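Numbering (the working numbering), first residue to last: 192 to 520.
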């Protein structure tokens with residue numbers, strides 16, 4: 192018998208339920224739909240069931256018990272429910288779950304959720320690789336391919352980690368600093384005019400002063416879509432895109448961006464450029480204050496005239512890329 196490897200699983204049932212789904216034509220990411228995603232992942236992992244088991248953090252809603260029962264009886268996978276019960280209603284819970292899984296011996300973590308969920312995982316500074324599975328409103332940081340294939344790739348990695356180590360590489364992270372706070376974003380930081388967090392999500396380009404993007408792709412919904420037209424940038428590029436937004440008098444356009452599934456919005460570009468890794472950027476100050484949205488959600492409120500800096504580094508979580516693992520045979 193070989194060494195049994197442990198695959199941690201995080202399901203964020205709150206992902207994909209923000210206000211953008213009400214103002215756009217996005218389908219609701221219901222809990223039953225997310226459980227179907229889990230089943231597909233488990234089906235892929237089960238090919239290697241003799242050499243891997245599953246670790247799931249406990250939750251008050253009973254989802255962990257339901258998943259554990261199905262994993263064992265339908266797919267023949269051994270499952271351990273670890274940690275104290277918690278409610279999946281906050282970012283701190285997601286970070287805590289990641290810590291619990293690592294402390295319990297997870298060799299990798301599969302995280303189901305959108306960009307916000309993956310950002311919360313990154314905040315935990317994970318020591319083990321992450322397989323981010325799309326399950327939110329915007330999923331730029333996530334694997335969007337077939338989840339069964341992703342589960343199979345995770346099982347292959349877990350059973351032969353040395354073989355696939357060279358296929359892992361750290362993601363870019365935008366480090367944000369104000370006078371009293373530091374935080375991170377995986378995909379985008381938006382400087383927003385409102386000096387409150389409100390409903391958190393940002394979906395109106397007129398609210399945005401400037402954007403910092405680690406990924407700028409016109410085919411993916413979200414704020415990163417905006418930069419994809421003028422300053423495209425890929426995850427593997429050692430740079431970020433900086434986009435200054437204007438209006439019909441001060442910028443070129445209109446361009447039409449997909450801010451959320453089914454939500455087309457016009458915007459104008461006042462300027463754009465690439466910024467190299469590790470270069471600190473001083474954000475413009477706003478006389479009346481504002482806020483910084485991290486991965487699409489207003490998170491940090493800025494006082495009038497308050498300074499803020501950001502810097503992109505390649506020191507984020509190491510991601511498992513199922514396509515690379517499966518193509519290697």
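Just so you know, even glycine gets a beta-carbon here, dropped at the ideal spot from N, CA and C.
None of the values given here were measured: they were computed from a predicted structure.
{"Query": "Going along the chain, which unbroken runs of the beta strand (DSSP E) with 3 or more residues stay wholly within the region 374 to 441?", "Result": "379 to 383, 399 to 404 and 430 to 437"}
{"Query": "For my contact list, residue 362 and residue 426 are in at a C-beta cut-off of 8 Å; report their separation, rounded to the angstrom.", "Result": "7 Å"}
{"Query": "Any contact between the region 444 to 459 and the region 408 to 417? By contact I mean 3 or more CB pairs, one from each, below 8 Å.", "Result": "yes"}
{"Query": "Which same chain residues, not among the five before or five after residue 338, have their C-beta less than 8 Å away from its C-beta?", "Result": "228, 231, 232, 235 and 324"}
{"Query": "So, using beta-carbon positions, are residue 467 and residue 499 closer together than 7 Å?", "Result": "no"}
{"Query": "Does the distance from the C-beta atom of residue 376 to that of residue 473 stay below 7 Å?", "Result": "no"}
{"Query": "So which of 442, 349, 405 and 518 has the shortest CA-CA distance to residue 432?", "Result": "405"}
{"Query": "Within this structure, are the beta carbons of residue 293 and residue 318 separated by less than 7 Å?", "Result": "yes"}
{"Query": "Rounded to whole angstroms, how far is the Cβ of residue 493 from the Cβ of residue 388, which I believe are closer than 8 Å?", "Result": "Going by Cβ atoms, the distance from residue 493 to residue 388 rounds to 11 Å, so no, they are not a contact pair."}
{"Query": "Does DSSP put residue 261 in a helix, in a strand, or in coil?", "Result": "helix"}
{"Query": "Please classify residue 239 as buried or exposed, where buried requires at least 16 other C-beta atoms within 10 Å of its C-beta.", "Result": "buried"}
{"Query": "For the beta strand (DSSP E) that residue 354 lies in, which residues bound it at each end?", "Result": "Looking at the DSSP string, residue 354 is not in any beta strand (DSSP E); the run it does join, the alpha helix (DSSP H), is 352 to 355."}
{"Query": "Leaving out five residues before and five after residue 385 in sequence, what residues of the same chain have Cβ atoms less than 8 Å from its Cβ?", "Result": "398, 481, 482 and 489"}
{"Query": "Among 396, 454, 476 and 465, whose alpha-carbon lies nearest the alpha-carbon of residue 175?", "Result": "Because the chain spans 192 through 520 in this model, residue 175 falls outside it and cannot be assessed."}
{"Query": "Quick one: is residue 416 buried, meaning 16 or more other Cβ sit within 10 Å of its Cβ, or exposed?", "Result": "buried"}
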